[in-house]
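Visitor: In the working numbering, the protein residues as written are 1 to 452. Supplied in structure tokens, the structure appears directly below.
Given below as structure tokens:
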């Protein structure tokens, strides 16, 4: 038996050594015969070569079984034994680096961004739904990237022109909120039913291109007005103080970096670097505070306006994490403007506003940039893509109160999570985890009972 196995392995290596040549010969035969030679033809050629290898291995195994009289001892049928041996040999090909990978039916589908394994014609509908959702997600991400780059570029330029800069703590705080929105945005999923209207598929479609232009104009107009408003309230003397402070800070930081680079055998410590970033000196000022609040609101407004949702993917009300991140951002901006938590404002280097008139002006800019871009985007869509707009309106009209209720449940869960974590008591953490697992098991048992 060992001699037969050793000889079969030798024969297998000889046969598999011809795999590449057989594949090239099959592709050449198809080309000479005038048959297609694209990707599909390549997969068909691989399938043909694989079947030929199966036959060769089965044939060699049959010969060796007769040679070593294995069938008489085992009592097994020849075709079954040969087929099993061929299957076992093909299963070992993936571990052999000297052979080409064997592509089986369905492997290419598994490697795709989206797939469906349903053995029915319904899989075609599923593929179209997932394809539309992927197309729309990619288009929305491109819109968001372009608008965010435009907003960020102007904010950096406006601060730099006045000798100001963004606080490290402010950037960390806004990054957390934006990270939540990006994570929720990337997990968008298709709806259960396929809508007859196709979504837009090009960034250069007038309904998309002009929407980006109009949104960028509104965002820039609001941030320009906010910068001028802050500069007027500060006056030239306070602006000069900011310039002098940042110049001294730059010289101090350059000196510290030179000392660190000159030190020998210094080990990198990420904790120390994080603490150094957090404790970097910063002089709070009205210009920085206004730009930070308006820019953060505009960044979240970009997600809110350009997330199209239904009827091609889950809507904004169904994507609870994205909706809550937008809601929390707007609420946080209002809290910072009215100094509801002065300790928090001081923690992220925010300057108090002069009076209520100034607060209402800043909040008016926040609401104008959100509402203005939303109305402008939908108006452009209605003009250049009326079928898309009609489909969105039709889907929006179907929204019920029951679709909004789950959001409050998610908000309550998030609030309870913050309370439990903020308690700082490990016993409370363990108890909350036990209650969560208990409730989850009860729900699963109820679902199983309902199915029975």
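Note that the Cβ used here is the ideal one computed from N, Cα and C, for glycine as well.
Kindly list the residues whose CB is nearer than 6 Å to the CB of residue 211, restricted to its own chain and excluding five residues on each side of it in sequence; keep chain order.
Guide: Mapped onto the chain shown, residue 211 falls at position 211. So the list reads 377 and 380, once near-sequence residues are dropped.
Visitor: Could you compute how far the alpha carbon of residue 215 sits from the alpha carbon of residue 145?
Guide: For the purposes of this step, residue 215 is identified with residue 215 of the chain shown, where counting begins at 1. For the purposes of this step, residue 145 is identified with residue 145 of the chain shown, where counting begins at 1. About 13 Å.
Visitor: For a quick check, are the C-beta atoms of residue 333 and residue 297 less than 7 Å apart?
Guide: Translated into positions along the chain shown, residue 333 becomes position 333. Translated into positions along the chain shown, residue 297 becomes position 297. Cβ atoms of residue 333 and residue 297: closer than 7 Å.
Visitor: Drop a sphere of 10 angstroms on the beta-carbon of residue 10, count the other beta-carbons inside from all chains shown, and report buried for 16 or more, exposed for fewer.
Guide: In the chain shown, the residue the question calls residue 10 occupies position 10. So residue 10 ends up on the exposed side.
Visitor: Can you say whether residue 74 is buried or exposed, counting buried as having 16 or more other CB atoms within 10 angstroms of its CB?
Guide: Counting from 1 along the chain shown, the entry for residue 74 is found at position 74. Residue placement at residue 74 is poorly supported in this model, since its pLDDT is 44, which falls under 50; the coordinates are not used for a value here.
Visitor: Could you tell me the alpha carbon to alpha carbon distance between residue 54 and residue 19, rounded to whole angstroms?
Guide: Here residue 54 refers to the residue found at position 54 of the chain shown. Here residue 19 refers to the residue found at position 19 of the chain shown. C-alpha of residue 54 to C-alpha of residue 19: approximately 11 Å in a straight line.
Visitor: Nearest-angstrom Cα distance between residue 160 and residue 292?
Guide: For the purposes of this step, residue 160 is taken as residue 160 along the chain shown, with counting starting at 1. For the purposes of this step, residue 292 is taken as residue 292 along the chain shown, with counting starting at 1. Spanning the two alpha carbons is a distance of roughly 14 Å.
Visitor: Between 139, 142 and 166, which has its C-alpha nearest residue 152's C-alpha?
Guide: Locating residue 152 in the chain shown gives position 152, counting from the first residue. For residue 152, the nearest C-alpha among the options comes from 166.
Visitor: On the DSSP letters alone, give me the boundaries of the alpha helix (DSSP H) that residue 360 sits inside.
Guide: Position 360 of the chain shown holds residue 360. Segment 356-384, the alpha helix (DSSP H) holding residue 360.
Visitor: Compute the Euclidean distance between the alpha carbons of residue 199 and residue 142, then round it to the nearest angstrom.
Guide: Looking up residue 199 in the chain shown gives position 199. Looking up residue 142 in the chain shown gives position 142. Distance between the alpha carbons of residue 199 and residue 142: 15 Å.
Visitor: Kindly say whether residue 298, judged by its beta-carbon, lies nearer than 7 Å to any beta-carbon of chain C.
Guide: Absence of chain C from the displayed structure is noted, only one protein chain being present.
Visitor: In the DSSP assignment, what residue or residues form a beta bridge with residue 313?
Guide: Here residue 313 is taken as the residue at index 313 of the chain shown, counted from 1. DSSP links residue 313 through a beta bridge to 190.
Visitor: Output the distance between the C-alpha atoms of residue 401 and residue 305, rounded to the nearest integer angstrom.
Guide: Within the chain shown, numbered from 1, the residue matching residue 401 stands at position 401. Within the chain shown, numbered from 1, the residue matching residue 305 stands at position 305. Cα-Cα distance, rounded: 22 Å.
Visitor: Determine the DSSP secondary structure at residue 236, reduced to helix, strand or coil.
Guide: Residue 236 sits at position 236 when you count from the first residue of the chain shown. Helix at residue 236.
Visitor: Identify the continuous alpha helix (DSSP H) that holds residue 306 and give its terminal residues.
Guide: Against the chain shown, residue 306 aligns to sequence position 306. Residues 286-306.
Visitor: Going straight from the alpha carbon of residue 390 to that of residue 249, what length do you get?
Guide: The count along the chain shown starts at 1 and reaches residue 390 at position 390. The count along the chain shown starts at 1 and reaches residue 249 at position 249. Rounded to whole angstroms, residue 390 to residue 249 spans 56 Å at the Cα level.
Visitor: Could you spell out the range, first to last residue, of the alpha helix (DSSP H) harbouring residue 143?
Guide: Looking up residue 143 in the chain shown gives position 143. Unbroken alpha helix (DSSP H) run through residue 143: 122-161.
Visitor: Taking the alpha helix (DSSP H) that residue 325 falls in, what are its first and last residues?
Guide: Against the chain shown, residue 325 aligns to sequence position 325. Where residue 325 is concerned, the enclosing alpha helix (DSSP H) stretches over 320-337.
Visitor: Excluding the 5 residues preceding and the 5 following residue 7 in the sequence, name in chain order all residues of the same chain whose CB lies nearer than 7 Å to its CB.
Guide: As a position in the chain shown, residue 7 is number 7, starting the count at 1. Cβ within range, chain order: 64.
Visitor: Just curious, the alpha helix (DSSP H) that residue 344 is in, first and last residue?
Guide: To locate residue 344, count along the chain shown from 1; it is residue 344. For residue 344, the enclosing alpha helix (DSSP H) begins and ends at 342-347.
Visitor: What separation, rounded to the nearest whole angstrom, lies between the Cα atoms of residue 426 and residue 440?
Guide: Counting from 1 along the chain shown, the entry for residue 426 is found at position 426. Counting from 1 along the chain shown, the entry for residue 440 is found at position 440. Spanning the two alpha carbons is a distance of roughly 21 Å.
Visitor: What is the rounded straight-line gap between the Cα of residue 398 and the Cα of residue 322?
Guide: For this step, residue 398 is matched to residue 398 along the chain shown. For this step, residue 322 is matched to residue 322 along the chain shown. Computed Cα separation, rounded: 20 Å.
Visitor: What is the rounded straight-line gap between the Cα of residue 449 and the Cα of residue 443?
Guide: As a position in the chain shown, residue 449 is number 449, starting the count at 1. As a position in the chain shown, residue 443 is number 443, starting the count at 1. C-alpha of residue 449 to C-alpha of residue 443: approximately 10 Å in a straight line.
Visitor: Under three-state DSSP, which class holds residue 398?
Guide: Looking up residue 398 in the chain shown gives position 398. Residue state, collapsed to three classes: coil.
Visitor: For a quick check, are the C-beta atoms of residue 130 and residue 348 less than 7 Å apart?
Guide: Counting from one through the chain shown, the residue named residue 130 turns up at place 130. Counting from one through the chain shown, the residue named residue 348 turns up at place 348. No, Cβ-Cβ distance for residue 130 and residue 348 is not below 7 Å.
Visitor: Please confirm if the stretch 172-183 is in contact with the stretch 235-248, defined as three or more CB-CB distances below 8 Å between the two stretches.
Guide: no
Visitor: Suppose you measure from the CA of residue 138 to the CA of residue 374; what does that come to, to the nearest Å?
Guide: Along the chain shown, one-based indexing puts residue 138 at 138. Along the chain shown, one-based indexing puts residue 374 at 374. Their backbone Cα atoms lie some 20 Å apart in a straight line.
Visitor: Can you round the beta-carbon distance between residue 362 and residue 294 to whole angstroms, since I take them to be within the 8 Å contact cut?
Guide: On the chain shown, residue 362 is found 362 positions in, with the first residue counted as 1. On the chain shown, residue 294 is found 294 positions in, with the first residue counted as 1. That pair is a contact at about 7 Å.
Visitor: Count the other CB atoms within 10 Å of the CB of residue 228; is the residue buried (16 or more) or exposed (fewer)?
Guide: Your numbering for residue 228 matches position 228 in the chain shown. Exposed, since its Cβ has fewer than 16 Cβ neighbours within 10 Å.
Visitor: Find out if the Cβ-Cβ distance for the pair residue 48, residue 26 is shorter than 7 Å.
Guide: For the purposes of this step, residue 48 is taken as residue 48 along the chain shown, with counting starting at 1. For the purposes of this step, residue 26 is taken as residue 26 along the chain shown, with counting starting at 1. Cβ distance < 7 Å, so residue 48 and residue 26 count as in contact.
Visitor: Between residue 196 and residue 157, what straight-line distance do the alpha-carbon atoms span, to the nearest angstrom?
Guide: Counting from one through the chain shown, the residue named residue 196 turns up at place 196. Counting from one through the chain shown, the residue named residue 157 turns up at place 157. If you take the alpha carbons of residue 196 and residue 157, they lie about 45 Å apart.
Visitor: Pull up the CB-CB distance for residue 222 and residue 368, whole angstroms please, since I reckon it's below 8 Å.
Guide: Here residue 222 refers to the residue found at position 222 of the chain shown. Here residue 368 refers to the residue found at position 368 of the chain shown. About 6 Å separates the two Cβ atoms, so the contact holds.
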